[in-house]
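Residue numbers (my numbering), protein chains in the order written: chain A, 1 to 333; chain B, 1001 to 1203.
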């Protein structure tokens, strides 16, 4: 065990990240084989059959989206910094497209929308790629949030002014600002700790921890349904399963501390912060969806053809900036 | 060659901006001779419905383009002829010539066509009353299948007077075919066809 650990320690950062992906792909492959084999099993009673099939379909869907996510991250890492930034930029673009599609805008917003998609988004991701982290964290909330309402005001359309601008700013904040912190995290260096070129581990840490927290919550509510805490917003959310999900996510973070620059205790705290931001952010997005009258950003019946990308990444969009800021603030990077 | 490259580029662009999603309700995509008729709110409607059709149908389906708009400038003319293989119609009736003549020719050649029976772009929620062209073609080509379509959201992508499109997801919903009933008069048929298009909106 220790020999293996020492061996991994001795590898170059590149090789370590490669080994990590190798491990994750291996786990996914095993899970896929298991689900494939389970497809042959017949449940004891015919009445269980339907529920069984449903659970299998659920598992398949979860697996395929996990595969897609890991492959995307792998490509992002293999393609280098520019590739990763472009990739996350594209994800942000598609997420923002979904957000705007379901938040009806007025004609007067057209210029602001053009600016959001073709000016703000590229600049934000360029800032991430260029490691201008100080500007990255304030560009949207300070400058863009002043500039976009100005564009709307100059457009001369004052009807529902505040509401229209709030919608656009929320879309940009969640989809562009949040998402841009993932490539930024990839490029964050900790020179004083010899933690160079291992940003991929930090991204992996964040994604893995937040995703685990969400999946645990999801599975727990399915297994033992409890009364929803806020039925107006979410039919499944309750504080007990939330706390359990948070606990599992944080403990996993502690267990993964060896791939981060944190000590075990710090890793638990960081994972806790990321999970809280992610799962509560997800709740906020649910409230927004409810307001729009849709169950998901890409429900199958939706007229718009949105394919639900935002549903998958919204927790990450909320946790990434919070995590990024806490890391920088704590370590003074 | 250049036209093909342009076609691929436009397809990519439309998919990136709008998703170009086709939803087939009531009829499958099928290589039979058809007249697709849809609501019309934006110049991009033509490109949108063209992009939403599957590749096999795109090559045998010719969109109708207003001559005055789409022949202005060499680029527009080239795109509509070389890339879309469009049929030009005159919106303003001039002299003796029947404005339907080019469409009749296309249908006689065995092509399918994409028609906007409102004649011009509307701005209201519901499409304007349909013009007689659709009825006349239905009378003349009873064997051609009439497929209603609803184009959602395109007007948000590029409102009138704007030049830069904004990425917003759009879709084209194709509905169950409408056939001219024996003895049905023009007004009744056009009203029914328009209703068939409107009903696709909330699907």
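Just so you know, even glycine gets a beta-carbon here, dropped at the ideal spot from N, CA and C.
Note that the coordinates shown come from a computational prediction; the quantities given were computed from them, not determined experimentally.
Self-check item: Supposed contact pair residue 140 of chain A and residue 176 of chain A - C-beta distance, whole angstroms, cut 8 Å
Solution: Right, their Cβ atoms sit about 7 Å apart.
Quiz item: Can you tell me whether residue 1039 of chain B is buried or exposed, with buried defined as 16 or more other CB within 10 angstroms of its CB?
Solution: Counting Cβ neighbours within 10 Å, residue 1039 of chain B comes out buried, since at least 16 surround it.
Exercise. Check whether the Cβ atoms of residue 73 of chain A and residue 174 of chain A sit closer than 8 Å, and answer yes or no.
Key: Taking 8 Å as the Cβ cut-off, residue 73 of chain A and residue 174 of chain A do not qualify as a contacting pair.
Self-check item: Reduced DSSP category for residue 184 of chain A - H, G, I as helix; E, B as strand; rest coil
Solution: It is helical.
Self-check item: Neighbour flag for residue 306 of chain A against chain B, beta carbons, 8 Å
Solution: Confidence is the limiting factor: at residue 306 of chain A the pLDDT is only 49, short of 50, which leaves the residue's position unreliable, though a coordinate-based value still follows. Closer than 8 Å to the CB of residue 306 of chain A there is at least one CB belonging to chain B.
Quiz item: What's the call for residue 250 of chain A, buried or exposed, on a 16-neighbour Cβ count within 10 Å?
Solution: With 16 or more other Cβ atoms within 10 Å, it is buried.
Quiz prompt | Helix, strand or coil at residue 152 of chain A according to DSSP, with G and I counted as helix | solution = For residue 152 of chain A, the secondary structure class from DSSP, reduced to helix, strand or coil, is helix.
Self-check item: Beta-carbon neighbours of residue 164 of chain A, restricted to chain B and to distances below 8 Å
Solution: Proximity of chain B to residue 164 of chain A at the Cβ level (cut-off 8 Å) is not reached, the minimal Cβ distance being about 13 Å.
Quiz item: So what's residue 124 of chain A in DSSP terms, helix, strand or just coil?
Solution: Three-state result, residue 124 of chain A: helix.
Quiz item: Are the C-beta of residue 123 of chain A and some C-beta of chain B separated by less than 8 Å?
Solution: No, its Cβ sits nowhere closer than 8 Å to a Cβ of chain B.
Exercise. With DSSP as the reference, label residue 1169 of chain B as helix, strand or coil.
Key: DSSP, read as helix, strand or coil, puts residue 1169 of chain B in coil.
Exercise. Count the CB pairs spanning the stretch 1125-1141 of chain B and the stretch 1006-1016 of chain B that are closer than 8 Å, and state whether there are at least three.
Key: The stretch 1125-1141 of chain B is not in contact with the stretch 1006-1016 of chain B.
Practice problem: Excluding the 5 residues preceding and the 5 following residue 299 of chain A in the sequence, name in chain order all residues of the same chain whose CB lies nearer than 7 Å to its CB. | Solution: Any reading at residue 299 of chain A must be qualified, since the residue scores a pLDDT of 47, below 50, and its modelled position is unreliable; no value is offered.
Practice problem: Count the other C-beta atoms from every protein chain shown that fall within 10 angstroms of the C-beta of residue 214 of chain A, then say buried if there are 16 or more, exposed otherwise. | Solution: So residue 214 of chain A counts as buried.
Exercise. Using beta-carbon positions only, say whether residue 317 of chain A and residue 179 of chain A come within less than 8 Å of one another.
Key: A Cβ-Cβ contact shorter than 8 Å links residue 317 of chain A with residue 179 of chain A.
Practice problem: Give the residues of chain A in contact with residue 1166 of chain B, contact being defined as C-beta atoms less than 8 Å apart. | Solution: Chain A residues near residue 1166 of chain B: 100, 110, 113, 114 and 117.
Self-check item: Between the CA atoms of residue 32 of chain A and residue 39 of chain A - distance to the nearest angstrom
Solution: Between the C-alpha atoms of residue 39 of chain A and residue 32 of chain A there is a straight-line separation of about 11 Å.
Exercise. On the DSSP bridge assignment, give the partners of residue 320 of chain A in chain order.
Key: Residue 320 of chain A pairs with nothing; no bridge assigned.
Practice problem: Starting from residue 1032 of chain B, find everything on chain A with Cβ-Cβ shorter than 9 Å and list it in chain order. | Solution: Against residue 1032 of chain B, chain A offers no close residue; the least beta-carbon distance is about 25 Å (beta-carbon pairs closer than 9 Å).
Quiz prompt | Endpoints, the alpha helix (DSSP H) within which residue 279 of chain A is located | solution = First-last of the alpha helix (DSSP H) with residue 279 of chain A: 264-292.
Quiz prompt | Contacts around residue 85 of chain A, its chain only, beta-carbon distance under 7 Å, and the 5 residues preceding and following it disregarded | solution = Apart from sequence neighbours up to five positions away, the residues of its chain that approach residue 85 of chain A with a beta-carbon distance below 7 Å are 125, 128, 129 and 183, ordered along the chain.
Quiz item: Beta carbon of residue 85 of chain A: closer than 7 Å to some heavy atom of the ligand COA?
Solution: Summarising the ligand content, the structure contains no ligands, and the ligand COA is consequently not present.
Quiz item: Can you name the residues that DSSP bridges to residue 1150 of chain B?
Solution: B/1173.
Quiz prompt | is_contact[residue 1039 of chain B, chain A] using C-beta, thresh 8 Å | solution = Output row for residue 1039 of chain B: interface = no.
Quiz item: With 16 as the cutoff for other CB atoms within 10 Å, does residue 181 of chain A come out buried or exposed?
Solution: Buried: at least 16 other Cβ atoms inside 10 Å.
Practice problem: Kindly indicate which residue of A/212, A/79, A/111 and A/292 has the alpha-carbon position closest to the one of residue 101 of chain A. | Solution: Of the listed residues, the one whose Cα sits closest to residue 101 of chain A is A/292.
Exercise. Please report the residue range of the alpha helix (DSSP H) in which residue 142 of chain A lies.
Key: No residue range can be given for residue 142 of chain A, since it is assigned to no alpha helix (DSSP H) and is classified by DSSP as neither H nor E.
Quiz item: Assuming residue 1103 of chain B contacts residue 1089 of chain B under a Cβ cut-off of 8 Å, what Cβ separation, rounded to an integer in Å, is found between them?
Solution: Correct: roughly 7 Å between the Cβ atoms.
Quiz item: Comparing alpha-carbon positions, which option in B/1109, B/1164, B/1112 and B/1060 lies nearest residue 109 of chain A?
Solution: Ranking the options by Cα distance to residue 109 of chain A, first place goes to B/1164.
Self-check item: Listed by chain order, chain B residues near residue 107 of chain A by CB distance under 8 Å
Solution: Taking a Cβ-Cβ cut-off of 8 Å, the neighbours of residue 107 of chain A in chain B comprise 1159, given in sequence order.
Quiz item: Excluding the five sequence neighbours on either side, which residues of its own chain have a C-beta within less than 7 Å of the C-beta of residue 302 of chain A, listed in chain order?
Solution: Unreliable positioning characterises residue 302 of chain A in this predicted model, as indicated by a pLDDT of 46, which lies under 50. A coordinate reading is not provided.
Quiz item: Near residue 336 of chain A, what residues of its chain come up, given a Cβ to Cβ distance below 6 Å and the 5 sequence neighbours on each side ignored?
Solution: Outside the shown range of chain A (1 to 333) lies residue 336 of chain A, about which nothing can therefore be said.
Exercise. Within its chain, find whatever has a CB closer than 7 Å to the CB of residue 305 of chain A; leave out the 5 residues flanking it on each side and keep chain order.
Key: Here residue 305 of chain A scores only 43 on pLDDT, less than 50, and its place in the model should not be relied on; the value that follows carries that caveat. Closer than 7 Å at Cβ, skipping near neighbours: no residue.
Quiz item: Hey, is residue 1156 of chain B's beta-carbon within less than 8 Å of any beta-carbon in chain A?
Solution: Chain A contact via Cβ: present.
Quiz item: Using 8 Å as the Cβ pair cut-off and three pairs as the minimum, do the stretch 227-239 of chain A and the stretch 202-211 of chain A touch?
Solution: Output reads no: the stretch 202-211 of chain A does not touch the stretch 227-239 of chain A.
Practice problem: From the DSSP output, in three-state form, read off residue 172 of chain A for me. | Solution: In the three-state scheme derived from DSSP, where H, G and I count as helix and E and B as strand, residue 172 of chain A is classed as helix.
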